[in-house]
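Just so we're aligned: the sequence shown equals residues 210 to 367 in the working numbering.
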Amino acid sequence: MDQSTTVTCSLLAIDHTNFCYKVCSGCERTLPETDDQFSSICKFCNFNFSHSPPYKRLFRLLVSIATDKQVKTVVCFDRAARVLFGCSADEFFRFANRNPLAAVTAGQILEGEMIRITLTKPRNGNAQHLRVSSIVPLRSGFQPAIVTLREYYGQRAP
Ligand SMILES: [Zn+2]
Numbered sequence: 210m211d212q213s214t215t216v217t218c219s220l221l222a223i224d225h226t227n228f229c230y231k232v233c234s235g236c237e238r239t240l241p242e243t244d245d246q247f248s249s250i251c252k253f254c255n256f257n258f259s260h261s262p263p264y265k266r267l268f269r270l271l272v273s274i275a276t277d278k279q280v281k282t283v284v285c286f287d288r289a290a291r292v293l294f295g296c297s298a299d300e301f302f303r304f305a306n307r308n309p310l311a312a313v314t315a316g317q318i319l320e321g322e323m324i325r326i327t328l329t330k331p332r333n334g335n336a337q338h339l340r341v342s343s344i345v346p347l348r349s350g351f352q353p354a355i356v357t358l359r360e361y362y363g364q365r366a367p
């Protein structure tokens, strides 16, 4: 395949057990998930932690898709995942903390959606999965998962 390819596919499943990761608020380098707020001082940048939370979360989703030819698992980072979720990973993480089944339910909501995605080869040659660089939902009535979840749980924005 070329550097990138665009396919129309159906979304089969999202791995809801591990949908985001922590990065430094200053330089967006990955931080260990186990660190708490006070030990996760970034070693790479001089970000001033006194005014902002030291870290934020970004989406990283493993998504199973089915094209007319094959089923495969691809990895979907923050910008593309926001199209499906309709919010930031931090917002979704807070929502999921208050509603423990939210991540599972989000997967069920999105399951079966027809999407057009652009796949690119990972920059890291060892990476296991193709990366999704953009997602366009094709169904006319599509709404992001967080919209449906808020209706479902009867809550306003986090
Ligand atoms: Zn940093």
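Note that CB positions come from ideal geometry on N, CA and C, so glycine has one too.
inquiry  = According to DSSP, simplified to helix, strand and coil, what is T226?
reply    = In the sequence shown, counting from the first residue as 1, residue 226 sits at position 17. In this structure, T226 counts as coil in the three-state DSSP scheme.
ask   = Are there 16 or more other CB atoms within 10 angstroms of the CB of L339, so buried, or fewer, so exposed?
value = Translated into positions along the sequence shown, residue 339 becomes position 130. Under this definition L339 is a buried residue.
task = Find out if the Cβ-Cβ distance for the pair F286, R269 is shorter than 9 Å.
result = Residue 286 sits at position 77 when you count from the first residue of the sequence shown. Residue 269 sits at position 60 when you count from the first residue of the sequence shown. Closer than 9 Å, so yes.
message = At the level of alpha carbons, what is the spacing between P346 and R291?
response = The count along the sequence shown starts at 1 and reaches residue 346 at position 137. The count along the sequence shown starts at 1 and reaches residue 291 at position 82. Distance between the alpha carbons of P346 and R291 is about 12 Å.
key: DSSP state of F268 mapped onto helix, strand, coil   = The residue given as residue 268 occupies position 59 in the sequence shown. In the structure shown, F268 sits in a strand (DSSP, three-state: E or B).
query = Does ligand 1 have a heavy atom nearer than 8 Å to the CB of F253?
reply = Here the question's residue 253 lines up with position 44 in the sequence shown. Yes, since a heavy atom of ligand 1 falls inside the 8 Å radius drawn around the Cβ of F253.
key: Proximity to A305 [Cα-Cα], best of L220, T215, H225   = Translated into the one-based positions of the sequence shown, residue 305 becomes position 96. Checking every option, the nearest Cα to that of A305 belongs to H225.
key: 8 Å Cβ shell around C236 - same chain, five flanking residues per side excluded   = Within the sequence shown, residue 236 is the residue found at index 27, counting from 1. Hits under 8 Å: C251, F253, C254, F256.
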